[in-house]
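Student: Going by the UniProt record's numbering, 5 is the number at position 5 of the sequence shown; the sequence numbering is gapless. Glycine is no exception: its CB is placed at the ideal position from the N, C-alpha and C atoms. Sending over a structure as structure tokens; questions will come in a sec.
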Amino acid sequence: MTPSKIMSPADVEPPILAELAEACGTSASAIDDIYECTPFQVSMMEEPQPDVYQFVVSLDSASGVEAARKTLEHVIARLAILRTRIAACQLGRMLQVVVAAGNGQLESTQLDVDEYLQQSRRAGGKQWLGQPLFRAAFIGNRLVATAHHAIMDYWSWFTLFNVDVAAAHRGRLPDRPAFKEFVARCHALDDAVAADFWRARFRGSPALFPEPDASRGCSGQVRRAAVRRVTFASLAGLEGVRAQIPHFIEAAWALTSSIYTGSESVVYGFILSGRSSSANGLRDTIGPTIVEAPIQVDLHRNMTVGQLVRDRALSLRQLQAHPSVHWSMKKIRALSPAARQAEAYRSLLNIVPELPPPSAPDDADVVTFERLVTSESLFPLHLILAVSDDGFTIDPRFDPGAISETRLNHVLSQFEHTLRLLVEAPSGAKLSSLELLSPYDRGCISAWSAARQAADKTADSNSTVDEAFRARARERPDDIAVEGGGDGTRTDYRTLDQLSELVAHQLRERGVSRGASVALVFERSLWAVVAILGILKAGGVCVPVDRGAGREEKAALCSRAKAKVALTSSAEHARCAGIAASVLPVSAGSAESAAVSAVAGAGDAGDPADVAYVLFADGSDPRGVVLGHGDLVSSLRAQAKALNWQRGCRMLHLAEYASRWSLCEVLGTLLSGGCICIPADADDQEAGLSLSRTVIEPCQPSRAILVSSHQLGDTLPSSLQSILCVGQARAKAPPAWRTPGRQVFRGWGVREAGLVSTAPETTARGEAGHAGGGRGGGAGAPLASCWTWIVNPHNVHELAPIGSMGELVVSGPSVAQGYWAEEAKTAAAAASSGCFIAPPRWASWFGASGPRRFLRTGYLARQSPEDGSLAVAGRRGNRVRVRGRTVQLERLEEVLLGCERVRDAAVVTQISGGRTQLVAVVCLADARLPSQGVLRRLDEGLAADAAAAAAIAEEHTVAVERYARAAMHGDEVPDVWVAVEALPWVDGQELDGARIRQWLRGRGS
1 MTPSKIMSPA
11 DVEPPILAEL
21 AEACGTSASA
31 IDDIYECTPF
41 QVSMMEEPQP
51 DVYQFVVSLD
61 SASGVEAARK
71 TLEHVIARLA
81 ILRTRIAACQ
91 LGRMLQVVVA
101 AGNGQLESTQ
111 LDVDEYLQQS
121 RRAGGKQWLG
131 QPLFRAAFIG
141 NRLVATAHHA
151 IMDYWSWFTL
161 FNVDVAAAHR
171 GRLPDRPAFK
181 EFVARCHALD
191 DAVAADFWRA
201 RFRGSPALFP
211 EPDASRGCSG
221 QVRRAAVRRV
231 TFASLAGLEG
241 VRAQIPHFIE
251 AAWALTSSIY
261 TGSESVVYGF
271 ILSGRSSSAN
281 GLRDTIGPTI
291 VEAPIQVDLH
301 RNMTVGQLVR
311 DRALSLRQLQ
321 AHPSVHWSMK
331 KIRALSPAAR
341 QAEAYRSLLN
351 IVPELPPPSA
361 PDDADVVTFE
371 RLVTSESLFP
381 LHLILAVSDD
391 GFTIDPRFDP
401 GAISETRLNH
411 VLSQFEHTLR
421 LLVEAPSGAK
431 LSSLELLSPY
441 DRGCISAWSA
451 ARQAADKTAD
461 SNSTVDEAFR
471 ARARERPDDI
481 AVEGGGDGTR
491 TDYRTLDQLS
501 ELVAHQLRER
511 GVSRGASVAL
521 VFERSLWAVV
531 AILGILKAGG
541 VCVPVDRGAG
551 REEKAALCSR
561 AKAKVALTSS
571 AEHARCAGIA
581 ASVLPVSAGS
591 AESAAVSAVA
601 GAGDAGDPAD
611 VAYVLFADGS
621 DPRGVVLGHG
631 DLVSSLRAQA
641 KALNWQRGCR
651 MLHLAEYASR
661 WSLCEVLGTL
671 LSGGCICIPA
681 DADDQEAGLS
691 LSRTVIEPCQ
701 PSRAILVSSH
711 QLGDTLPSSL
721 QSILCVGQAR
731 AKAPPAWRTP
741 GRQVFRGWGV
751 REAGLVSTAP
761 ETTARGEAGH
771 AGGGRGGGAG
781 APLASCWTWI
791 VNPHNVHELA
801 PIGSMGELVV
811 SGPSVAQGYW
821 AEEAKTAAAA
831 ASSGCFIAPP
841 RWASWFGASG
851 PRRFLRTGYL
861 ARQSPEDGSL
871 AVAGRRGNRV
881 RVRGRTVQLE
891 RLEEVLLGCE
901 RVRDAAVVTQ
911 ISGGRTQLVA
921 VVCLADARLP
931 SQGVLRRLDE
941 GLAADAAAAA
951 AIAEEHTVAV
961 ERYARAAMHG
971 DEVPDVWVAV
981 EALPWVDGQE
991 LDGARIRQWL
1001 RGRGS
């Protein structure tokens, strides 16, 4: 019977021995020894692209070749590791097989040196099974030696050729412990002791860097970036801590990883020699004793530099001293979810002394070292740091599918900067006090800022909205400005200018002048457009009111806005009685009446700084945002330029006037010289799409442009050539959107920053640009009217390193003037996110100070190191800590939207039993289920209908939860699942999370 641990040929049955001999291409009698592999050796043999060392030396004479051959034969005969092969057998594991000397270690070849090197490196992991793992070939007067990492680490490789071969050449080969003794020690480890040692090192859910990206995957390539040199002379304050430089290097990498992951707990791999923990002289064995150890580091804002460095030093001492460091990685992974996460590390640090390459013996001047060639195994990011007396080098190897070279350059520059901060800072300095922005990143931001300033010069506007409209009307008076509605009227720019002038006259007669608020309550119609322009021409401030609100609510909003006059449609007039001191209908009849009484003369000339609009949002934030004339003109012109809106563009008008998106559809179209297309039934989106088929298509080559929310359907008319999709994104755009010749843009912005801040064209996958995007928001480069910055969420005066997660700050002409009649709130805004602030300290670095307004958006985002474009992750308040893991709720929603059974989804948190729970509120994609009731459970309503709906919902919800468990980390899967008909949205753009949480509290979920 074969024993559980094999350490000699006597431990294997004859059939197994014969199998191993056949696998190694030799006879059983030629096998000197058989024993187990170490866990590291097994992992190396399982690599699809293994690590291989190769070096080439030249010999200047035939006698030199012969002497080298004899020396090498002697060394091979003495060192069993050089005659070792690794083979798999029917026992279900790999074993080391030591064959007798002369069995393929020295080989002949007809290839030249370069061909031989390339061929040797081409072999994949499994192709090395049963083959010589050390081999040497004499090619002419050159010796080429090759060693697989499964039998050789770099210390062994260096020692073999610089010490042992050199000594053998002089006839004094040193005695060394056999690698087999080291293997025996590894297999004698106490599993219980090892489990306790490793289990205590992992907790929670540490973050990985580079972050896994399922959309990119691995490229199957290994690339080497330029080697960097860091001199100790450049590090002030290094004296006294030079001996600790490896600890500072590791601390700097931990902090750098934390910067980019946005997590206070990170994990990476660390290569140990494995020799410090080896007793009885085993540290001198030739063979792979190294270990790749997963390292978890917990950082927090109040941690000091000294604490972090001491923590790294203690960790290293523990690992170097404990034999359990050689325990199997598979066993470590099985200890706990935290250990499983840590074992999946994606960056690897290898801090080594700077060793010279293998060289010729001192007394052998006939030998010349030519080159050392290495073949790397696949890994996301591997940093080799060679420390010398005067500094260290950073030799990066990376998978471009995991991290681009451009991003890697930013990361390494940040790492060097972070190391310098740690070395130069007082030991008691808190990590939160360190200024993390590197000079390299600051230079990139400065270059991007200069480009923004050049674009911004064309974005500033010195005109009011009504002046910009009049200029368009004078330029092309006969172009159609508004089309459609119930009667299919076509109104040109001249007529629209005249009609709106009549409304302006009516308003002036009723005392409306510069700065006076005028409420607007309309369905989508020509007369709404006339009323908007009339208010602006009169110098008034347009205050759109939700026509679906009750009369008392409308009156309350008019009171808050100080609107004494309200303009309504004929249909809304009766429902608006009494909401303001004067309620005027605007229609064809009122226009005729105004034409009779109109007299020449205009109001006071407006100023671009005057207020044009006050937008009051629904949902949990009722504050009114003040938009100036010049701000609007700048934003709309920048938006038109980015989206290629121009004369002849035709906009399908779907937004309600209380929504800021109506400004894009109405004013954006008019200032671009386009035509507003109003649906035949202004309350029916499907009717609007029908109109676009019958009216827009015959008007080619005009472009059909649609501003949409999350509710845009899967089927679109073929006439639509350009779509601007705003609001929180779908998981992916429906295939029907991506028709030939159609552009789909992904718009993002916040109320306080005007309209759209970014609007890149989406990819075929349906999300914005190369920088990302998703449920959290938009992505791409900011528009010309908008400057964007990423700051430390805890300190607005610190810019965040490029590529790290931070809070998005917006400045420029697009930023609103403040909140309506709430100067105190606006002045106090610097104390909280999502508010207007004074120019931060860094603004002067980039010429962005002065009167320019700044806004903290309350959204988290990253800047692409490639071009500075944005990827918005979601609201800062939606970045939560659950079960030791940092989670962005929008990302979980995006995962759920990838399930075909889900039509819409929200994930929120609630406290239950003293702990934070994740709650998924989902709308199911089943035509049999109702879909109109906002936050109405599917089991509510008539008993029979509710029972049937509940049964269907239960089946879908179970399937969705199963999908989530397969697609999410275990700590991210929601604890509670609730199915409802529809979710509440604010301004058609984002989920109303506050309302959802309040509803959940009310129902006790």
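#1: Would you tell me roughly how many angstroms separate the C-alpha atoms of residue 750 and residue 661, rounded to the nearest one?
#2: Is it true that the CB of residue 514 sits closer than 9 angstroms to the CB of residue 610?
#3: Near residue 544, what residues of its chain come up, given a Cβ to Cβ distance below 6 angstroms and the 5 sequence neighbours on each side ignored?
#4: What's the C-alpha gap between residue 670 and residue 894?
#5: If I measure Cβ to Cβ from residue 1011 and keep anything under 7 angstroms in the same chain, skipping five residues before and after, which residues do I get?
#6: Any idea what DSSP makes of residue 151, helix, strand or coil?
#7: DSSP puts residue 792 in a beta bridge; with which residues?
#8: I'd like to know whether the C-beta atoms of residue 902 and residue 938 end up nearer to each other than 9 angstroms.
#9: Just to check my reading of the structure: residue 762 and residue 746 have Cβ atoms closer than 8 angstroms, yes? What is that Cβ distance to the nearest angstrom?
#10: By the DSSP assignment, the beta strand (DSSP E) with residue 650 in it spans what residues?
#11: Specify, as a first and last residue, the run of the alpha helix (DSSP H) that residue 260 falls within.
#12: Cutting at 8 angstroms between CB atoms, please list the residues of its own chain near residue 174, excluding the five before and the five after it.
#13: How far does the beta strand (DSSP E) with residue 1013 in it extend, from its first residue to its last?
#14: At the level of alpha carbons, what is the spacing between residue 7 and residue 98?
#15: Taking 9 angstroms as the cut-off, decide whether the C-beta atoms of residue 139 and residue 106 are in contact.
#16: Out of 464, 923, 11 and 654, which one is the CA nearest neighbour of residue 897?
#17: Compare the Cα-Cα distances from residue 207 to each of 32, 858, 340 and 509 and report the closest residue.
#18: How long is the line joining the alpha carbons of residue 22 and residue 88, rounded to whole angstroms?
#19: Is DSSP giving residue 878 helix, strand or coil here?
#20: When you compare the CB positions of residue 759 and residue 783, do they come within less than 9 angstroms of one another, or not?
#21: For a quick check, are the C-beta atoms of residue 724 and residue 667 less than 9 angstroms apart?
#22: CA-CA distance, residue 795 and residue 630?
#23: Do you know how far the Cα of residue 633 is from the Cα of residue 450?
#24: Who are the Cβ neighbours of residue 982 in its own chain at under 7 angstroms, not counting the five residues just before and after it?
#25: Residue 945 to residue 958, Cα distance in whole Å?
#26: Whose CA, out of 41, 93 and 52, lies closest to the CA of residue 19?
#27: Opposite residue 739 in the DSSP bridges: which residues?
#28: Count Cβ pairs between the region 292-306 and the region 430-450 that sit closer than 8 angstroms; are there 3 or more?
#29: Around the C-beta of residue 169, are 16 or more other C-beta atoms found within 10 angstroms, so that it is buried, or is it exposed?
#30: List the DSSP bridge partners of residue 296.
#31: Can you give the Cα-Cα distance for residue 711 and residue 963, rounded to whole angstroms?
#32: Using the three-state DSSP reduction, which class does residue 417 fall into: helix, strand or coil?
#33: Only counting the same chain, and skipping five residues up and downstream in sequence, which positions put a Cβ closer than 7 angstroms to that of residue 132?
#34: May I ask you to report which of helix, strand or coil DSSP gives residue 562?
#35: Could you tell me the distance, in whole angstroms, from the CA atom of residue 128 to the CA atom of residue 842?
#36: Quick check on the DSSP output: the alpha helix (DSSP H) that includes residue 186 runs from which residue to which?
Tutor: Short version:
#1: Stepping through the sequence shown from its first residue, residue 750 is reached at position 750. Stepping through the sequence shown from its first residue, residue 661 is reached at position 661. Near 11 angstroms, if we compare the C-alpha coordinates of residue 661 and residue 750.
#2: The residue you call residue 610 lines up with position 610 of the sequence shown. The residue you call residue 514 lines up with position 514 of the sequence shown. With a cutoff of 9 angstroms on beta-carbon distance, residue 610 and residue 514 are scored as near each other.
#3: If you number the sequence shown from 1, residue 544 lands on position 544. The residues are 520, 657 and 658.
#4: As a position in the sequence shown, residue 670 is number 670, starting the count at 1. As a position in the sequence shown, residue 894 is number 894, starting the count at 1. Taking the Cα positions, residue 670 is about 35 angstroms away from residue 894.
#5: In the structure displayed, the chain extends from 1 to 1005; residue 1011 sits before or after that span and is not available.
#6: Residue mapping note: residue 151 aligns to position 151 of the sequence shown, counting from 1. Residue state, collapsed to three classes: coil.
#7: To locate residue 792, count along the sequence shown from 1; it is residue 792. Partner(s): 795.
#8: The residue given as residue 902 occupies position 902 in the sequence shown. The residue given as residue 938 occupies position 938 in the sequence shown. If you check the CB distance, residue 902 and residue 938 do not come in under 9 angstroms.
#9: Locating residue 762 in the sequence shown gives position 762, counting from the first residue. Locating residue 746 in the sequence shown gives position 746, counting from the first residue. Contact between residue 762 and residue 746 holds, since their C-beta atoms are separated by about 5 angstroms, short of 8 angstroms.
#10: To locate residue 650, count along the sequence shown from 1; it is residue 650. 650-652 is the extent of the beta strand (DSSP E) around residue 650.
#11: Within the sequence shown, numbered from 1, the residue matching residue 260 stands at position 260. For residue 260, the enclosing alpha helix (DSSP H) begins and ends at 245-261.
#12: In the sequence shown, counting from the first residue as 1, residue 174 sits at position 174. Residues 163, 164 and 167 of the same chain have their beta carbon placed closer than 8 angstroms to that of residue 174, with the five preceding and five following residues left out of the count.
#13: Missing from the structure shown is residue 1013; the chain here goes from 1 to 1005 and no further.
#14: Counting from one through the sequence shown, the residue named residue 7 turns up at place 7. Counting from one through the sequence shown, the residue named residue 98 turns up at place 98. For residue 7 and residue 98, the gap between their C-alpha atoms comes out near 12 angstroms.
#15: Position 139 of the sequence shown, counting from 1, holds the residue named residue 139. Position 106 of the sequence shown, counting from 1, holds the residue named residue 106. Their beta carbons are not under 9 angstroms apart, which means residue 139 does not touch residue 106 by this criterion.
#16: For this step, residue 897 is matched to residue 897 along the sequence shown. Each of 464, 923, 11 and 654 was checked against the Cα of residue 897, and the nearest Cα belongs to 923.
#17: Walking along the sequence shown from the start, residue 207 turns up at place 207. Closest by alpha carbon: 340.
#18: Taking the sequence shown and counting its residues from 1, one reaches residue 22 at position 22. Taking the sequence shown and counting its residues from 1, one reaches residue 88 at position 88. Each residue's Cα considered, the two are about 11 angstroms apart.
#19: The count along the sequence shown starts at 1 and reaches residue 878 at position 878. For residue 878, the secondary structure class from DSSP, reduced to helix, strand or coil, is helix.
#20: Within the sequence shown, numbered from 1, the residue matching residue 759 stands at position 759. Within the sequence shown, numbered from 1, the residue matching residue 783 stands at position 783. Yes, they are a contact pair.
#21: Translated into the one-based positions of the sequence shown, residue 724 becomes position 724. Translated into the one-based positions of the sequence shown, residue 667 becomes position 667. No, they are not a contact pair.
#22: Here residue 795 refers to the residue found at position 795 of the sequence shown. Here residue 630 refers to the residue found at position 630 of the sequence shown. Our two residues, residue 795 and residue 630, have alpha carbons roughly 31 angstroms apart in a direct line.
#23: As a working note, residue 450 is residue 450 in the sequence shown. As a working note, residue 633 is residue 633 in the sequence shown. Each residue's Cα considered, the two are about 22 angstroms apart.
#24: Locating residue 982 in the sequence shown gives position 982, where the first residue counts as 1. Excluding positions up to five away in sequence, the list reads 923, 931, 932, 933 and 934.
#25: Here the question's residue 945 lines up with position 945 in the sequence shown. Here the question's residue 958 lines up with position 958 in the sequence shown. Near 20 angstroms, if we compare the C-alpha coordinates of residue 958 and residue 945.
#26: Position 19 of the sequence shown, counted from the start, is the residue given in the question as residue 19. The alpha carbon of residue 19 has as its nearest neighbour, out of 41, 93 and 52, the alpha carbon of 93.
#27: Locating residue 739 in the sequence shown gives position 739, where the first residue counts as 1. Paired residues: none, contrary to the question.
#28: Yes, the region 292-306 is in contact with the region 430-450.
#29: Numbered from its first residue, the sequence shown carries residue 169 at position 169. Using a 10 angstroms sphere on the CB of residue 169, the tally of other CB atoms reaches 16 or more, which defines it as buried.
#30: As a working note, residue 296 is residue 296 in the sequence shown. DSSP lists 267 as partners of residue 296.
#31: Translated into the one-based positions of the sequence shown, residue 711 becomes position 711. Translated into the one-based positions of the sequence shown, residue 963 becomes position 963. Residue placement at residue 711 is poorly supported in this model, since its pLDDT is 48, which falls under 50; the coordinates are not used for a value here.
#32: For the purposes of this step, residue 417 is taken as residue 417 along the sequence shown, with counting starting at 1. In this structure, DSSP gives residue 417 a helical state, which the three-state scheme calls helix.
#33: Numbered from 1 along the sequence shown, position 132 holds the residue referred to as residue 132. Excluding residues within five positions, the ones whose Cβ falls inside 7 angstroms are 85, 104 and 105.
#34: As a first step, residue 562 is located in the sequence shown; it is residue number 562 there, counting from the start. Residue state for residue 562 is assigned as coil, using DSSP reduced to three classes.
#35: Start at 1 with the first residue of the sequence shown, and residue 128 comes out as number 128. Start at 1 with the first residue of the sequence shown, and residue 842 comes out as number 842. Within the model, the alpha-carbon separation for residue 128 versus residue 842 is close to 57 angstroms.
#36: The count along the sequence shown starts at 1 and reaches residue 186 at position 186. Boundaries of the alpha helix (DSSP H) around residue 186: 179-187.
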